[in-house]
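A.B. asks: Note that the protein sequences, when read in sequence, are chains A and B. Numbered as in the working numbering, the first sequence ends at 105 without a single skipped number. Numbered as in the working numbering, the second sequence ends at 208 without a single skipped number. Think of the CB as a built atom: it goes at the ideal place given N, C-alpha and C, for glycine as much as any other residue.
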Amino acid sequence: MIVPFEHVLILAGILFALGLVCILVWRMNLIMLLIGIEIMLNAAMLAFVGGAARWGMADGQVFSLLIMAMTSAEVSLALAMVVYLHRRKKTVAADEFSELKG
Amino acid sequence: MEQAIFYILAAVTVVATLFAIAEKHAVHAIVYLVTSFFALSVIFFLLGAPVVAVFEVIIYAGAIMVLFLFVIMMLDLGHPERARLPGRRDWWPALLLGAVTLAAALTLFAARAPAVAPAGKAIGVKEFALALFGKYGVAVEVISMQLLFALVGALYLGKRREK
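(1) Cα separation between B:Val27 and A:Phe66?
(2) Need the endpoints of the alpha helix (DSSP H) that B:Pro95 sits in, please.
(3) So, at 7 Å on beta carbons, what are the nonlocal neighbours of A:Ala50 in its own chain, with the 5 sequence-adjacent residues on each side left out?
(4) Quick check: what's the CA-CA separation for A:Met71 versus B:Val116?
(5) What residues in its chain sit with their C-beta under 7 Å from that of B:Leu114, if we drop five residues either side in the sequence?
(6) In the DSSP assignment, the alpha helix (DSSP H) including B:Leu142 goes from what residue to what residue?
(7) Compute the distance between the beta-carbons of B:Ala84 and B:Ala61, then report whether it is under 8 Å.
(8) Taking just the CA atoms, how far does B:Glu186 sit from B:Thr146?
(9) Could one say the Cβ of A:Ala56 lies closer than 8 Å to chain B's Cβ atoms, at least one of them?
(10) Give a yes or no on whether the minimum CB-CB distance between A:Ile17 and chain B is below 8 Å.
(11) Just the chain B side, please: which residues come within less than 9 Å of A:Ser75 by C-beta, in chain order?
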């Protein structure tokens, strides 16, 4: 472990807060919302990898890899949804999709 | 030496993410985010996770971000002057909430006694693979099912319907 575990956690916390701010600021734009989710998931991955290095167990790295696979599934579905919604209303503004009518 | 590299890369990651958030042009935001992910992957490498570092570059920066770029270009969304941008009314509540969240987390970390970093043994690729396919073999199966469902869902959503 090259740096104290707390510093890794602080970096992960800063990244998570930045992702949260991104989601809250850009809540009108679907693409930037997804980017904020990416940043937050990266922060979670950093916390997992830091934990794996702290305790010398491979489990944290395995879970960061699973997070990555989960993210790729989520992004592919979400972007397919964005393409679908854009085809219907010609916009990616989240306010336009407030009704559930299909 | 490695400590200095860690702190430099941490600064690069945070600054690039800040630029990505504040950027109104979506393509530029993606490029800043790729920079951030590259720095983060080197941090993973320094923390003794070479496999995760490699997959961060290949899958995150190489596949997911390029997928974002592809969708932005396909839908012709790279015109910030056409979209509604966040004003000051959107920024300050978000910054306030983010600051509160961050302050809560930092208070939590500061309250703990600083752990003496033990010289943990390095985790090699072999140990990682044994844990992934031995102990967590079921999780790999579940993830593969999840990827299959995502594929089917994306195909269904992307299908062009005749009116």
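C.D. replies: Put simply:
(1) Chain B is shown from 46 up to 208; residue 27 of chain B falls before or after that span and cannot be answered.
(2) 95 to 100
(3) Correct list, in chain order: Leu12, Ala15.
(4) 20 Å
(5) Val72, Ile75
(6) 133 to 156
(7) yes
(8) 35 Å
(9) yes
(10) yes
(11) Near A:Ser75 (Cβ distances below 9 Å), the residues of chain B are Ile104, Tyr105, Ala108, Ile109, Leu112, Leu192, Ala195.
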